[in-house]
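Read through the structure below, which is laid out as structure tokens, and then see the notes.
In the UniProt record's numbering, the protein residues as written are 1 to 158.
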């Protein structure tokens with residue numbers, strides 16, 4: 001079946017769309033890191049297919065879509081995915097709730113790297129609001145994990 005080759009790019013495209021989808025200002029502060037969550041799942045499930053290179057390319061697309069300086073999200077996503085790929089065998093053995101904590105830590109790392117790079121380029125200051133997506137990403141991880149695993153098994157993505 002040819003559709004199994006398009007599951008990973010389609011899920012990343014959906015994550016990119018969800019990442020830029022307009023939300024009310026009150027809810028935008030809590031926007032989960034859709035792209036990071038999807039990349040985290042695929043890099044733990046299939047590290048030979050989704051790795052730092054895919055994270056870098058997806059980050060470049062995110063930089064273009066969000067209008068940030070080219071390379072900020074690429075660098076932050078690459079570091080996060082590198083940590084996951086380096087430890088994927090250990091992380092696979094964790095329960096989904098333990099993985100959610102790891103996703104929260106990776107999301108915090110991602111946001112701190114993005115903040116640090118933007119702080120070097122512009123004059124922004126740290127606010128705790130930058131870390132709210134960490135908590136929403138942790139809460140969303142079990143459902144995204146279940147959805148992507150179900151689609152991976154249904155379409156026999158290897």
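Quick reminder that beta carbons are idealized off the backbone N, C-alpha and C, glycines included. Note that the structure is predicted; figures quoted are calculated from it, not measured.
Q | Ordered list of beta strand (DSSP E) runs contained in the region 36-68, each at least 3 residues | A | none
Q: Look at the alpha carbon of residue 3 and the alpha carbon of residue 111, and state the distance between them as a whole number of angstroms.
A: When rounded, the distance between both Cα atoms is 34 Å.
Q | Simplified DSSP assignment, three categories, for residue 85 | A | Residue state, collapsed to three classes: helix.
Q: Check the C-beta distance from residue 50 over to residue 103 and give it rounded, since I have them as a contact under 8 Å.
A: 15 Å between Cβ atoms; not a contact.
Q: Look at the Cβ atom of residue 65, then the Cβ atom of residue 20, and state whether they are nearer than 8 Å.
A: yes
Q. Between residue 134 and residue 155, what straight-line distance do the alpha-carbon atoms span, to the nearest angstrom?
A. For residue 134 and residue 155, the distance between alpha carbons rounds to 30 Å.
Q) What's the gap between the Cα of residue 149 and the Cα of residue 82? A) Cα to Cα, residue 149 sits roughly 21 Å from residue 82.
**Q.** For residue 33, the three-state DSSP class (helix, strand or coil)
**A.** coil
Q.
Can you look up residue 155 in the DSSP assignment and give me helix, strand or coil?
A. coil
Q: With DSSP as the reference, label residue 112 as helix, strand or coil.
A: helix
(Q) Quick check on this structure: which residue in 48, 96, 74 has the alpha carbon closest to the alpha carbon of residue 157? (A) 48
Q.
For a test of the three-state rule: what should DSSP assign to residue 94, helix, strand or coil?
A. coil
(Q) So, with DSSP's three-state summary, where would you put residue 22? (A) coil
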